[in-house]
Each structure stands twice: as structure tokens, then as C-alpha cells.
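**Q**
In my numbering, the protein residues as written are 438 to 1298.
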């Protein structure tokens, strides 16, 4: 049995890891030749301002008094430069956003796991191609572009990581630090001949990373006074830096300026997903080589923001985030970053048609180089996209058009060539995706069937010793060995990574194990034929609908409400209401109460600490009533450990209010609050095991301990969610015992006397039946309810998981259901390793006890 469980975990490990080789492979290839525009560039230097976490609407919109939060940049848009929105890609995080801006490609998600601050893989960037780059800002961002640069020409000036604190008194200090240090740098350069000479070289970049807006957005939300005030400070800081740089260079008109952002932010202060508030960022460009404002009569965009921003008469020129890298490279005349997939936005350029044509030719040649390397690195029978001769033909015709001064024709041809090359890049980058997906899917389906067969064989009345005859078994074994050998030879000839061997060979032993149980399949088929068809078909229909609701809920949370409403009707359909009207009424009301939560917004714009306080007080009141009732009934003192948990819950309720008040008044996070909070978190998994292992006392102990931590992580109505969830779990436990009695199963003990540490193998009492599948589906459905708290901390999400797992452990005890078979079913129903680990955590919290202050005693309720 242990070997089976370990095998299941390993198989699911493979399934989990496979997603990175299938969908999140690195787009980087190496061995390309650098390309740069041969004509003199319009700018000698570039200043890049990245306002981390700045939304497009937050910069462009006007307030009720028709005033902008960024008057200087607003004036640039109206009178000096070009503007538009930069469209980012998922994940909308700082590292991939900056990589797209500065290196021109969209980094794969797995790079985050391999290293955030430094390069997990080497890649080229605008900074690397520059003569010199000086950068100021966050230690999380700057080093990753300096680490991969060749030579010693990318300089970083970072503040201490400790400054990046969401609870800091004033996050705008992160940006004022950058502005002041840039001013000091140019001031020192006037008295340093070496530095002064470097600063007057061509092809140099100044990068100012401004993190304050992002920090204030996380702490106070984008619609807050703090966020908007930070935008004003950044606007004023940019104004001062621009004036200082122009004075330093004697207003030579050879400096280009770009202001943009790595990602936006949702109304509730998060980012990482694909909401338009996260993917729509501002782009403002002005200075050397940049077009002046273009006034037009009418323009229309799908987002409908132009009228709201009152910028409908100024041409809006949107770009993809990676397009900014070739724009910057073109402005200062450096080679385009080697792995850039950006397309040069010509409308931003204020230059000759010849320069634009040459720049597009450079862009096309650089992307075609990537396509050629990618194409020849993939061994495949069918090639797609440009042939070698077509590439040469396109480039020759474009070059000929430029020589004959047919610049528009050259630009059109280069644009088409870029489009075809990017299509080919995408094809070869995802070439292995289909057959890898098929292999993993076959392995997963095979494992699911195998687990079902093992459950049927071990926990039904089918003969336990039925096996395949020896001759058929040998033939099956040699057949699968031959299949495995052929697959291995194919992979070897393709020179594919070793992980491909795992994904493609794993289905072989799995399906061998499935077909080896062919006699069990025959016996199961005979049993199903003897089963009442109408009832079986109805059962399949209900299961299919239930699974579809769960799948649908990943995209539309309100589907969970429909599922909970359906759950509430279960006792009415099965006639359970005739024997336990009070319990059934409690079940219906608790399910309907829980069904309200998926219909609510994910989180509010502003915190509602009153609801968090109400949740804490309600939990205290409920627990106190329960403890008084238990003490009155039992006259025992075994409940004295609850005093500590009640005190911890009351203290957490106070800390939430104290912390909110302190942050609201900009006094930072008090040290004592931090100590208490971390202590509460650390003790939340230890304190429960100090209580007795009787069913309800242990469950209450777990709820109180975890609720203390949950309150500390809550900001609004979600603090009430564990209470509603715990109520459903409590009634569910009672309902399952009523269900057993309804179906004629005798119970060995009353519910109140059941103990989690009961060690007898309960499989001796009964076998599995259809109602156990319904119990597992209830567990699966309730476990996924916490996703309505999406965007909160992982542990905060895990707490409801633990509560449901503990309740399910109680259901196993009360219904005399083998926990081993549940593990099998969990694997068969595609539960992740996370839920398997939670099952173990639930058993630890419910069955183990530490007696630190007393001798072991035997108590009864």
C-alpha cells in the first residue's frame, strides 16, 4: 500500500513538472548575428523611466476638477511627444515586464522559479548593447540586467532591500531616493573628468526604476490618495531630472526620453493576471527622434478610454510591450537585442523615410536570424514558415527597394517578413507541445483507470485472486517492453532532453498495469451489466454535471453557488428529511449561506475592518457557548486548553484593528504586532494537538487556532468565510451519520463519543458503495470554494483547505469509511499532491495529541 501511495505521488510529480516542458519552455535561442541600423541615430543618449505598477488610466485620467495627477507628462503628451498604451502579457509581474521592455522578449514563467534577481539564463538586452548604462532603483530589478552583460559597462545603484516595505510610513521615499541620487551623480560628474567623458559618449542609457507607485498600490490600492500622490511626486521628479539632464548637455537636443511601466494593477492592489487594469500600461515618449503630437479628428479604441481621458484629439499609438526595446535601440543606434520579438513602432519615430526603412530592415533581419536558428535546432519531418530561399528573397527585394528609394514598399515587405518569421518562431517554439501533451494525457488517463481497478479489486465483492493466465501475461509484458524500446529509440534519434523520456515512457508501465488487470475489468463489466441501468445512468449524469460545474467554476465563480444550492437539495431528494428534520434544515440553510460568498466581489477596494472584527467576535461567542455547554454537560476540566485559543483569537481581533489604525495613520507596522502575528502563525499548527482527540473538541480546537491566523490575514468580508465553511462542515458530519442510519448501516458509537485516534481498521465493517463517491465529491467541491479568495496569501487560502480536510477526516471516522480507499479515490479523481499532503496534515491535527501540562487522562463527553 505504501508503495502504491508513493508511486501515485511520483506520477503526479511528473504530471505537475510536465507543464513547464509543455507550455513554459524558454523562447531563447543563441548563435544569432547582431544587427543595427547603418544610418546615424537621432539620439546620443536615452533616459528610461519605469514607474513600476503604474496603470494607464491612473496616468492619463483627469480628476473631477479636470486636473491631472501628472501635469508635466500631460503637457508632454499635448505639446511635445507621442503617447499610447503598452500592452503587457501574463504574468504581469516586475521581472517579465522589465525583460520585455529592455530585452524585447516575453520570458517564460519557469524563469521566476529559477531566479528572480539574477539571470536564470543568459539573454541580450538594450543595456548590454549600449556603450554605457547607469541605473538606479530596486535591488530586485537592476542586478538581473547587469549580471548577464558582457564587459563592465552596466552600472547599478540600488537602495537597501529593507526599504521595500508595504507597511512603510511613506513609500514615495523609494522614488525620491532615485531622483536625489541621479542628481548627485550628475553633480559629481562635473568634477570627475573620467565620468564626464563617459557621459558624453554616444549610445548611452540612463535607467530610473521607480518602485514607490507599485508599493503604494499594494498597500493602499490604486484609487487611494497615497497612490495618486505618488504619481504627482514621480511626475515632478521626472520634470526635474529632464531639466537637469538638458542643462548638463547644454540643451543639445540629442536626448530621448521614455516613460512607461512594467505592469498595471487591479482595483484591489494586485497584479499578475490578465485583467485590463494589469495589462494596460502607459507609454509616453519625447525628445530626440520622437514624433511630435499628431492631432486628428476621430479615433476609436475598444477599451473606450479616450473620451474619459480627454485625449481623443491626440493620436494614440498603442504598442506591445516588447516593441519598446527595438524603439529604444533604433533611437540611439545600437544593435537590436538578439532575442527581441518586438516590432519597431515607426509612428513614434520623427526621422526620414530612409531611416525608417533601414530600421525596419534591421528589425526584420534580426528576427529572421532567430527564426533560422530555431528552425535548424528542431528536428521535424514537416517544416512550416519561411524556407531559406524565401528569407533571402524577401531581404534582397527589401534591400533593392531601399536602394531605389521605394521606402514605403520596403517597409511593407519587411513588415510581412517579420510577421512570417514570428509565426515560424511560435511554431517551432511549440513544436513538441502536441505530442508531449498526448503522452502526459495518456499517462494520466491510464493512472486514473488503474487506481479505479485497484479500488474495485480491493473493496468490492469481486474475487480477490483473479489474475491473467501466464501465457497472456508474458505476451503482454513483451509487447509493452517492445513499445517502450521503440519510443526510447525514437527519442534518442531526435536528441531530445531526458525529461521527454519520462513523459513519453511513463504511460508504458501504467497501461501495462491497467491491462494486466483485465480479469478485473471483465468482472466489473459483468457487475455493471447486472446493475439497474436507469439508476446507473442517472448516477453518471449527476456525476458529469457536478464535474462540469466544478470545471466551469474555474472561469465563473458563481457556478459554485449553483453547486451549493444543489447540495442543499440532497437530503430532500434522498428522503433524509423524514428522519432528521432539524439537521436537514441546518444543512439547507448553511449551504445557502455559503453559496452567497462566490457571488460577492473577490475583495473590496477598501478594507472593512469592522467585518473582520465582527467575524472574530462571532467566533468567540460561538466557541464560548459551545464550551459552556460542554462543561455544563460533562462537568470535566479537559477543555481548559481552549482558554489559550480563545485568548489568541481575541488578541488576533485586536491586532487586526491596531495594525490597520497604525498603517492608516502612516506610523508603520508596530514591532509588537509583528511579534504577536508571527507567534500566532507558528502556533496555529501546534496548539490543536494539545487538545483531546474526541471528534468535536479537536475540530473546534483546529478551527480556533486557524481562525486566529486567518483574521490576521483578512481585510474585509472574507473573514466571515471560514465561519460559514465551518458551519457547513459541522452539519455535514451530522448529516453523514444520519445518512448511514437511513441506509441501514449500524453505528458502533455515538457521534459525540467518536475519537480520531481510533485505530481499528474500519474496513472490516463494510465495503465501498455509491454513496462514498458522493462523499468524495462533496469534499472535492468544498475544497475548491476557497478559490473565491483568489489573490490572497497562499496560507490564507490553505486554511479553509485544512478545515475541509479535517472535516473530511471526521466524516471518514463517523461513516466507518477506510481512509486508504479515500486516498485511492483522491488519486483517481485527479487530486493534486497538495491535497494528498493536506490529508496527512489533517490526520496529524486530528489524531495526534501532545500532553505537555498534564498526565494522560481518559475523558468522555
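Idealized CB from N, CA, C, for every residue including glycine.
These figures come from a predicted structure and were not determined experimentally.
1. How is the beta strand (DSSP E) around residue 508 delimited, first residue to last?
2. Roughly how far, in whole angstroms, is the beta-carbon of residue 949 from the beta-carbon of residue 987, given that I think they are within contact range, below 8 angstroms?
3. Does DSSP classify residue 470 as helix, strand or coil?
4. Should residue 869 go down as buried or exposed, given a rule of 16 or more other Cβ atoms within 10 Å for buried?
5. By the three-class DSSP mapping on this structure, what secondary structure does residue 732 have?
6. Quick check on residue 612: buried or exposed, where buried means 16 or more other Cβ atoms within 10 Å of its Cβ?
7. Roughly how far, in whole angstroms, is the beta-carbon of residue 1148 from the beta-carbon of residue 1052, given that I think they are within contact range, below 8 angstroms?
8. Need the endpoints of the alpha helix (DSSP H) that residue 855 sits in, please.
9. Tell me the residue span of the alpha helix (DSSP H) that contains residue 536.
10. So, residue 1240 versus residue 1140, is the Cβ gap smaller than 9 angstroms?
11. Quick one: is residue 964 buried, meaning 16 or more other Cβ sit within 10 Å of its Cβ, or exposed?
12. Helix, strand or coil for residue 1047? Go by DSSP, reduced to three states.
13. Compute the beta-carbon to beta-carbon distance between residue 786 and residue 726, rounded to the nearest angstrom, for a pair I have assumed lies under 8 angstroms.
14. Near residue 921, which residues of its chain fall below 7 angstroms by C-beta distance, leaving aside the five closest residues on each side in sequence?
15. Are residue 472 and residue 799 touching if we call contact CB-CB under 9 angstroms?
16. What are the partner residues of residue 569, as DSSP defines its beta bridges?
17. Quick one: what does DSSP say residue 800 is sitting in, helix, strand or coil?
18. Please say whether residue 608 and residue 540 have beta carbons closer to each other than 9 angstroms?
19. Would you list, in sequence order, the uninterrupted alpha helix (DSSP H) runs of no fewer than 4 residues that lie entirely inside the stretch 570-627?
20. On a Cα-Cα basis, can you pick out the residue from 642, 1044, 890 that is closest to residue 1155?
21. From the DSSP output, read off the bridge partner residues of residue 696.
22. Residue 753 bridges to which residues according to DSSP?
23. When we look at the beta-carbon of residue 699 and count the other beta-carbons within 10 Å, is it buried (16 or more) or exposed?
24. Rounded to whole angstroms, what's the CA-CA distance from residue 517 to residue 875? Just pull it up for me.
25. Below 8 angstroms on the Cβ atoms is my guess for residue 673 versus residue 509; work out the distance and round it to an integer in Å.
26. Apply the 10 Å Cβ neighbour rule to residue 572 and answer buried if 16 or more other Cβ atoms are within range, or exposed otherwise.
27. Could you name the residues of the same chain whose beta carbon sits closer than 7 angstroms to that of residue 1092, not counting the 5 residues immediately before and after it, in chain order?
28. Which residues share a DSSP beta bridge with residue 505?
29. Rounded to whole angstroms, what's the CA-CA distance from residue 570 to residue 535? Just pull it up for me.
30. Where does residue 739 land, buried or exposed, given buried means 16+ other C-beta within 10 angstroms?
31. Can you find a heavy atom of the ligand COA that lies under 8 angstroms from the Cβ of residue 772?
32. Examine chain B for any beta-carbon lying closer than 9 angstroms to the beta-carbon of residue 1036, and answer yes or no.
33. Taking DSSP as the reference, what is the three-state secondary structure of residue 1284?
34. Alpha carbon to alpha carbon, how far is residue 1028 from residue 916? Give it in angstroms, no decimals.
35. Go ahead and label residue 1036 buried or exposed: buried means 16 or more other beta carbons lie within 10 angstroms of its beta carbon, across all protein chains shown.
36. DSSP state of residue 452, grouped into three classes?
**A** Let's see:
1. Counting along the chain, residue 508 falls outside any beta strand (DSSP E), though it belongs to the alpha helix (DSSP H) covering 508-516.
2. That belief does not hold up - the Cβ atoms of residue 949 and residue 987 are roughly 31 angstroms apart, past 8 angstroms.
3. coil
4. buried
5. strand
6. buried
7. 7 angstroms
8. 844-866
9. 531-540
10. yes
11. exposed
12. helix
13. 6 angstroms
14. 942, 945
15. yes
16. 641
17. helix
18. no
19. 579-584, 610-626
20. 1044
21. 486, 721
22. 520
23. buried
24. 55 angstroms
25. 7 angstroms
26. buried
27. 1110, 1113, 1114, 1149
28. 499
29. 15 angstroms
30. exposed
31. Of ligands this structure carries none, so the ligand COA is not represented either.
32. Going by chain labels, chain B is absent from the structure shown, which holds only one protein chain.
33. helix
34. 52 angstroms
35. exposed
36. helix
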